[in-house]
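Heads up: the sequence shown runs through residues -15 to 240, numbered per the working numbering.
The structure appears right after this line, and notes come after that.
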Amino acid sequence: VAVTAFLQNTKSNVALRTPAAVESNFRIFRQWSSEKISKPNGEADESVHVTAQPEVDEAAEEVKGMYGYFDEVEELVLRHAQQLRALNETEAGLALFFQQKGYQEKQEDISAMSIDIGKRFSDDVKQRALQLATMEQFGEFIGTFKNKAIQDSVETSKRQELSRIEFDAFAHKLVLLQRNVSLSGSTVLGKELPPTLDLTPVEKEFEHAKSQFIAAKTKYQNLSTAMIDKAVLLEMKRDVDYRLHLEKVWRLNRDE
């Protein structure tokens, strides 16, 4: 028993001297690994606790889906604008060519048809310039919305998930240490301890783990709230701002 207590105290002393960032990374990795590893039958290991967070998960999925939507439409809009720009450049060249050559042409019919073709190309270029400007503005809005507003929410989702893993990891640590403290015969469990109380290494590690758990829980709760709030705000911004820009494209196509 004395040897066991000595080893436990030694382990606790080492744990107390471990830098917070190092331990946090270690706990996060071990929790993440435990969640990913399944039993031989393919089922999840029920001994690994994973906090249920349906509202947060739903918000994260909404943000993920919104990012995919705008990523796809941005690529298509930019490609369309690029093709319109290339077509306009080509037809502007055709307009200039046919009008210049038409006025220089001595054969009357060829001259008249060349000038008319050049003017038609010129009119098409002017009309398409409005469409091009609208699509470029549309693409600029989409890029800004995706890369700033949505990306910010994506990053929040990543931090929130990391905080959830950290929270579960320190909760698991606290449960194990609580058992060790209980087995050691300590009487500090569930009590407010005066700062001057002389604690054993195991008890000190347990108290330290409690503070780690509280900090991890606070961070998890704050990021969970932020994730839900940002998903709601994104949806509102999409309903208002995206609709306005989409309406410009819609009206442009209807006018055609």
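Even for Gly, the Cβ is constructed at its ideal location relative to N, Cα and C.
query, result
"Reduced DSSP secondary structure (H/G/I, E/B, other) of Pro38", "helix"
"Own chain, CB closer than 7 Å to Lys194, minus 5 neighbours either side, in chain order", "Leu158"
"Simplified DSSP state of Pro185, which is helix, strand or coil", "helix"
"Run of the alpha helix (DSSP H) containing Ala133, from where it starts to where it stops", "Taken as a continuous stretch (DSSP letters only), Ala133 belongs to no alpha helix (DSSP H), as it is neither H nor E."
"Stretch-stretch touch, CB-based, cutoff 8 Å, three pairs: the region 65 to 83 with the region 111 to 118", "yes"
"Sub-7 Å separation of Lys214 and Ser106 beta-carbons", "no"
"Inter-stretch contact at 8 Å, needing at least 3 Cβ pairs: the region 137 to 152 / the region 204 to 214", "yes"
"DSSP-derived helix/strand/coil call for Glu124", "helix"
"Option nearest Val186 by Cα separation, candidates Ala200, Leu160 and Val165", "Val165"
"Spatial neighbours of Glu89 in its chain, beta-carbon cut-off 8 Å, leaving aside the 5 residues before and after", "Ser95 and Ser98"
"Spatial neighbours of Val47 in its chain, beta-carbon cut-off 7 Å, leaving aside the 5 residues before and after", "Ile134, Ser137, Val138, Ser141, Ala215 and Leu218"
"Alpha-carbon to alpha-carbon, Arg143 and Glu189", "27 Å"
"Rounded straight-line distance, which links the Cα of Gln111 to that of Asp55", "28 Å"
"7 Å CB neighbourhood of Val40 in its chain, flanking five on each side removed", "Gln144, Ser208, Met211 and Ile212"
"Within 7 Å, strictly: CB atoms of Val61 and Phe13", "no"
"Buried or exposed (CB count within 10 angstroms, at least 16 for buried), Phe125", "buried"
"Rounded C-alpha distance that separates Glu42 from Thr35", "14 Å"
"DSSP state of His229 mapped onto helix, strand, coil", "helix"
"Presumed contact (8 Å Cβ cut-off) between Met50 and Arg222, rounded CB distance", "7 Å"
"7 Å Cβ cutoff met for Gly127 and Glu58", "yes"
"Cβ pair Glu120, Ala76 closer than 7 Å", "no"
"Local conformation of Lys90 per DSSP, three classes", "coil"
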